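Undergrad: Dropping the structure in here first, questions after.
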Ligand SMILES: NC(=O)c1ccc[n+]([C@@H]2O[C@H](COP(=O)([O-])OP(=O)(O)OC[C@H]3O[C@@H](n4cnc5c(N)ncnc54)[C@H](OP(=O)(O)O)[C@@H]3O)[C@@H](O)[C@H]2O)c1
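In the working numbering, the protein residues as written are 1499 to 1791.
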């Protein structure tokens, strides 16, 4: 059985990574478009994350676009052997910052090469196929063409492992008929609980579940229950939201995003936070009240 205490690891790519990682999306400019306000601060956040033990970074070449990957390269290249960089494909950015689907095999091939170039790598550790059915929630529909294209890039040696993002259980099953799937990245947090059953299924298969928007994304979670619990146990609401996810299931890997060192330190400290059964039960009510099921 995998260790289910918060300070633990989970096997992502044939070796364990720490369950508290880092999501790099917030490093680009406003709206995940253009350069950051403070480039040195972005570099400092990346370096401190890795120096603090983060060995799992989530990114995409469509953050910026290109800029987030270029920051990761500038801050961290040559990469530590134990660092797993997970990227995603499925969109490009319009000149106005719009998120445009780019799901054809030639788009995915171009996306792999863009990631390799901007990250300064010869092979990508993990590539998530990001379904663009709906922007923040999965929509049924075949992803066979996309997963087949990724499996071909894997055979060519450009991609080590394949994951999926913004997908349904049926799409995961379809993809598993084509290639091994190592992780699923969907929208999930204390309030947004649609994937409760899926998380259990993936845990039983030993597949990592990596929630995006773990803190609520562009509008961080606000809940009086969360604030009260946090105050009672002497932590911040965001730390409790992360610790709840770590307690939720041992296959959950976290990639909270931040552009500041203060929030990075606060978020990483959540790995030390043990929540009692009573506190977990209290927090569970938030998802029910929020209609997240
Ligand atoms: N697959 C997908 O479709 C998809 C979609 C979205 C995101 N992602 C990935 O998931 C990662 C996480 O998602 P996310 O960054 O959008 O959302 P998130 O981690 O839920 O929240 C990030 C937001 O919370 C703020 N924040 C972070 N730590 C905080 C703290 N301790 N106290 C108060 N505010 C805090 C950040 O602002 P500050 O910068 O001020 O800290 C930012 O506004 C992304 O970085 C990206 O890699 C994937």
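Beta carbons: idealized from backbone N, C-alpha and C, even for Gly. In this text the structure is predicted, and so the values were computed from the model without any measurement.
(1) Return the CA-CA distance between residue 1817 and residue 1686, expressed in angstroms with no decimal places.
(2) Count the other CB atoms, across all protein chains shown, that sit within 10 Å of the CB of residue 1547; report buried if there are 16 or more and exposed otherwise.
(3) Suppose you measure from the CA of residue 1792 to the CA of residue 1705; what does that come to, to the nearest Å?
(4) For my contact list, residue 1754 and residue 1688 are in at a C-beta cut-off of 8 Å; report their separation, rounded to the angstrom.
(5) Can you say whether residue 1722 is buried or exposed, counting buried as having 16 or more other CB atoms within 10 angstroms of its CB?
(6) Looking at residue 1736 and ligand 1, is the gap between the Cβ and the nearest heavy atom below 7 Å?
(7) Starting from the Cα of residue 1798, find the closest Cα among 1652, 1656, 1666 and give me that residue.
(8) Span of the beta strand (DSSP E) holding residue 1514?
(9) Smallest Cα separation from residue 1520: which of 1583, 1734, 1511?
(10) In this structure, how does DSSP classify residue 1684 when only helix, strand and coil are distinguished?
(11) Which term fits residue 1673, buried or exposed, when burial requires 16 or more other beta carbons within 10 angstroms of its beta carbon?
(12) If we require 4 or more residues per run, which alpha helix (DSSP H) segments fall completely within the region 1596–1644?
(13) Should residue 1598 go down as buried or exposed, given a rule of 16 or more other Cβ atoms within 10 Å for buried?
(14) In three-state terms, what does DSSP make of residue 1661?
(15) My parser needs the alpha helix (DSSP H) runs of 4 or more residues fully inside the region 1705–1747; what are they?
(16) Are there 16 or more other CB atoms within 10 angstroms of the CB of residue 1531, so buried, or fewer, so exposed?
(17) For residue 1585, does the three-state DSSP call read helix, strand or coil?
(18) In three-state terms, what does DSSP make of residue 1761?
(19) In whole angstroms, what is the alpha-carbon distance linking residue 1542 and residue 1765?
(20) Tell me where the alpha helix (DSSP H) around residue 1580 begins and ends.
TA: In this structure, then:
(1) Absent from the structure is residue 1817, since the part of the chain shown begins at 1499 and ends at 1791.
(2) Around the Cβ of residue 1547, a 10 Å sphere holds 16 or more other Cβ atoms; the residue is buried.
(3) Beyond the ends of the chain as shown, which are 1499 and 1791, falls residue 1792; an answer cannot be given.
(4) That belief does not hold up - the Cβ atoms of residue 1754 and residue 1688 are roughly 13 Å apart, past 8 Å.
(5) Residue 1722 should be labelled exposed.
(6) Residue 1736: yes, Cβ under 7 Å from ligand 1.
(7) Outside the shown range of the chain (1499 to 1791) lies residue 1798, about which nothing can therefore be said.
(8) 1514–1516 is the span of the beta strand (DSSP E), which, as asked, contains residue 1514.
(9) Out of 1583, 1734, 1511, 1583 has the C-alpha closest to the C-alpha of residue 1520.
(10) In the structure shown, residue 1684 sits in coil (DSSP, three-state: anything other than H, G, I, E or B).
(11) By the neighbour-count rule (16 or more Cβ atoms within 10 Å), residue 1673 is buried.
(12) The region 1596–1644 contains these whole alpha helix (DSSP H) runs: 1603–1617.
(13) So residue 1598 ends up on the exposed side.
(14) DSSP places residue 1661 in strand when its eight states are reduced to three.
(15) Along the length of the region 1705–1747, whole alpha helix (DSSP H) runs at least 4 residues long occupy 1722–1731, 1735–1746, reported in chain order.
(16) By the neighbour-count rule (16 or more Cβ atoms within 10 Å), residue 1531 is buried.
(17) Residue state, collapsed to three classes: strand.
(18) Note: residue 1761 maps to helix in three-state DSSP.
(19) Computed Cα separation, rounded: 16 Å.
(20) Run containing residue 1580: none; DSSP gives neither H nor E here.
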